[in-house]
Amino acid sequence: MSVPHVEGYTIVGKIGFGTYATVYKAFRKVGPREVVAIKCVEKSKLSGTAVNNIITEIKLLKLLKHKHIVEMKDFQWDDKYIYIIMEYCNGGDLSHFIRKRNKLPEAVCRKFLQQLAMALKFLRSHNVCHMDLKPQNLLLMTTPALVLKLGDFGFAQYLSPDTYHNSLRGSPLYMAPEILLKHKYDCRVDLWSVGVIMFECLFGRAPYSSDSFQELAEKIKSQAEIEIPHGSSISEECQDMLVRLLQHDPSKRIDYEEFFKHPFLDLEHCPSSESYTKAVELVKQAVKNDTEGKLADAFTQYCEALRYFVPLISEEVDAVKKTALRARVNDYTRRAEELKSLLYGDSVSKSKVDNQATSTPKLASGLEIGSVAEQYMAEGQYKAALEKFQGSLGVLVPLLSSEPKGRRRDLLHQQLNAATFSYNPPSLSFDYLIWLQDSLNSIKLLPIKELYYIWKEVQESIINEYSMIKEKISFLYGNPGEARELIKRKYCVAQLFNILFSFTMMMLCKALLPIYSLGTICRKKGSTIAQISLGYSLEEGEGPIF
C-alpha cells in the first residue's frame, strides 16, 4: 500500500496495519501543528460486512465523546480510500506496554481498569457494546499523564440489556465463551473480555493462551479451570473481581451494575470534576461541624473528603495547582489526625479499625503515594518513582508499629514490601541493612544477606555494562581517551547524563541500589552520577572505580 494523500495533512510514518486498513501518524498542515492518527481504509479490500463495520465505527466515533475514548476529529474519502482522522496516542497500546514490562503491578492494573470501566460505563449509557475489547485496542497517552483510551469500534453494536445476538465477532483469545461456541450472547461479552485483559495485565499472559485456535476452542468448550498463578500476591478485591468476570456462564458472570460498584475499581473516588465537587462539599460540612463542636461528624467527613482529594493530586498536571492541592490535603490530614486523637486517644481498638477503613488519614495518604510510585515505575519515570517510594515509606513505616492486626495491616505490609524494594536509603552498609531489617521484621523483608547480594549483583552489572557504555562514548566523541577529557568539561556531562540517565535510574530503582550509595563513592572524587555510571574517576586513571 503506497502512502496516500490526505487533504490538509502531512503523513510522516506508519503506526500499524490490519486486514483492510493502515494507520499513519500525521501533522495538520494549517493552524497549530497538531499530531493525529489517520486510519486509511482501502475500499477495494472491503467486503459487505467490512463496509458496515466502517460505517458503524464512524457513526459511533461521531457520537461518543469521552476522555477515555479515542476521539475522531474528522473523516474524508476519495476514489481509493476512506480516511478516519483521530487523536494521536503517543504511548502505543496496552499490549506493547505489558510486553515491555512482562506484567504490571496491581496498582497500575487498577488504574487502567478504572479508566476502561469509565469508558464502558459511558458506552452502556448509550446502549453500545464494543465487542472487540483487547489490549491492542486500548491506546495510551503518556503525557502529560498516563491515560488509557478505548479505540477501534469496527465490531461495536447497539445492544440494549435485553438484546441477544449470535454472529461471530471479536478476537478469539479475548472472545467470550458464548460467542466462540456460537450461543446467543448479549452485552456481558465485554465483561469477559475485561477479565481476560485484567488477567494479562496482572500475570503477563491471557488465561487461555494457546498455540492454535483449535486448542483455544477446546479449552473454552471443556470450561478448563482458570487458575491464579502460584505465588501471586493480589488483593482479595482484585481476585474477587477477576474470578467474577471470568465466569463461563454469562448468567453467573458479574453484571455491569456490580462491576461499576466493585470495591477494586472504587469508581466513586476516581479523579474527576464530580469527585472534586464532592470533596469540597464534604470539607465544607466538616469545617462547619468542627466549628460547632460536632467532632465525630467532622472527623468522618474529613476522612471521606481525603478519599476524594488524594487521588486528584496524582492526576493534576499543573504544577501550581498540584502544589496548592497537596497543601490543602496536608492541612485536612493534620486536622483529621488531631480529631482522631481527641476522639479515640493514642490507640485505636481493632474493632474501630475494622469498622472505619479510612480512620487513619495518614495511612490512606501513604498507600496512595505508594500507588503513585508504582505507576511512575510502570511508566519508566524512575526518578519520580524513587521520590514517591521515599515519601510512602516515610509515612507508612512509623504507622506499622501501632497498627493492630487485620486487613489494614496486611495492606500496609503489601505497600511497604512494594516500596522497600525501590527505596533509596542513605547507605547500604551492613549496619544500615541490619537496622532496616530490624525495623521492618514484622513485614518479613528479604533476609539481610539476600539484600546485600542483590546490591552486589547490581554493582557487577554496571561493571559488565562498562564496555558497552565506552563504545557509546567512542561513537559520540571519537575515542574513549577524548571522551574522558571531555567529561571534565561541564557541557559534556549533561549530554552523558541524558544518554545514561534512564539506565542508571532503572538499576537504582529495580535493584535497591541507592543514589546515596553511589554518592558515597562519588563524594571522595567530586564525580557526578553520570560519571559514576560510566565507571570513571577523574582522579584515578582508567577503568571502572567499583
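Heads up, the sequence shown is in this note's numbering, so the first residue is 1 and it goes up one at a time.
A virtual CB, placed ideally from N, CA and C, is assigned to each residue, including glycine.
Rounded to the nearest angstrom, the gap between the Cα atoms of D249 and V128 is 22 Å.
A305 is positioned such that its CB atom lies closer than 8 Å to that of L282. Following the DSSP letters along the chain, one finds Y24 inside the beta strand (DSSP E) bounded by residues 21-28. By the criterion of at least three beta-carbon pairs nearer than 8 Å, the region 48-64 is not in contact with the region 103-113. For Y302, the uninterrupted alpha helix (DSSP H) run begins and ends at 295-315, by DSSP. In this structure P32 is exposed. Its beta-carbon is surrounded by fewer than 16 other beta-carbon atoms within 10 angstroms.
Three or more beta-carbon pairs separated by less than 8 Å are not found between the region 183-194 and the region 224-239, which leaves the two stretches without contact. Beta-bridge analysis with DSSP links G92 to no other residue. As summarised for the region 69-121, the continuous alpha helix (DSSP H) elements at least 4 residues long and confined to that stretch are 94-101, given in chain order. Boundaries of the beta strand (DSSP E) harbouring K39: 35-42, taken from the DSSP string.
Ranked by Cα distance from K149, the options E257, A117, F260 are led by A117. Per the coordinates, the alpha-carbon of E338 lies some 19 Å from the alpha-carbon of V310. Within the region 164-199, there are no complete beta strand (DSSP E) runs of at least 3 residues.
Within the same chain, Cβ atoms closer than 8 Å to the Cβ of L265 are found at R110, L113, Q114, A117, M241, F259, the five residues on either side in sequence being excluded.
Fewer than three Cβ pairs drawn from the region 82-90 and the region 217-237 lie within less than 8 Å of each other, which leaves the two stretches out of contact. According to DSSP, residue pairing for Y9 in a beta bridge involves R28. Taken through DSSP and simplified to helix, strand or coil, F264 comes out as coil. The C-alpha of L246 lies about 30 Å from the C-alpha of S275. Here V70 really is in contact with L139; their C-beta atoms are around 6 Å apart, less than 8 Å. For L148, there is no enclosing alpha helix (DSSP H); the residue is found in the beta strand (DSSP E) stretching over 147-150.
Look at V51 here: in three-state DSSP terms it is helix.
When beta bridges are read from the DSSP output, M141 appears opposite V147. The continuous alpha helix (DSSP H) containing S341 extends over residues 319-344. Remark: C-beta atoms of H130 and L64 do not approach each other more closely than 8 Å.
Proximity of the region 171-191 to the region 210-218 meets the contact definition, three or more beta-carbon pairs being nearer than 8 Å. Judged by beta-carbon spacing, I11 lies within the 8 Å limit of A26, meaning their Cβ atoms are closer than that value.
For the set K278, Q301, R28, the Cα lying nearest the Cα of P361 is the one of Q301.
Setting aside the 5 residues that flank it on each side, Q285 is surrounded in the same chain by Q301, each with a C-beta closer than 7 Å to its C-beta; the list follows chain order. Residue pairing by DSSP places K14 opposite Y24 in a beta bridge. Each of K67, Y81, L61, K80 was checked against the Cα of K73, and the nearest Cα belongs to L61. Its chain contains Y174, D190, S193, V194, I197 as the residues whose beta carbon lies nearer than 7 Å to that of L133, once the 5 sequence neighbours on both sides are disregarded; these appear in chain order. Burial state of L181 is exposed, judged by a 10 Å Cβ sphere holding fewer than 16 other Cβ atoms.
Across the set A327, K294, E368, K261, the C-alpha of K261 shows the shortest separation from the C-alpha of L120.
Boundaries of the alpha helix (DSSP H) harbouring S275: 273-291, taken from the DSSP string. In the structure shown, E258 falls within a helical segment according to DSSP collapsed to helix, strand and coil.
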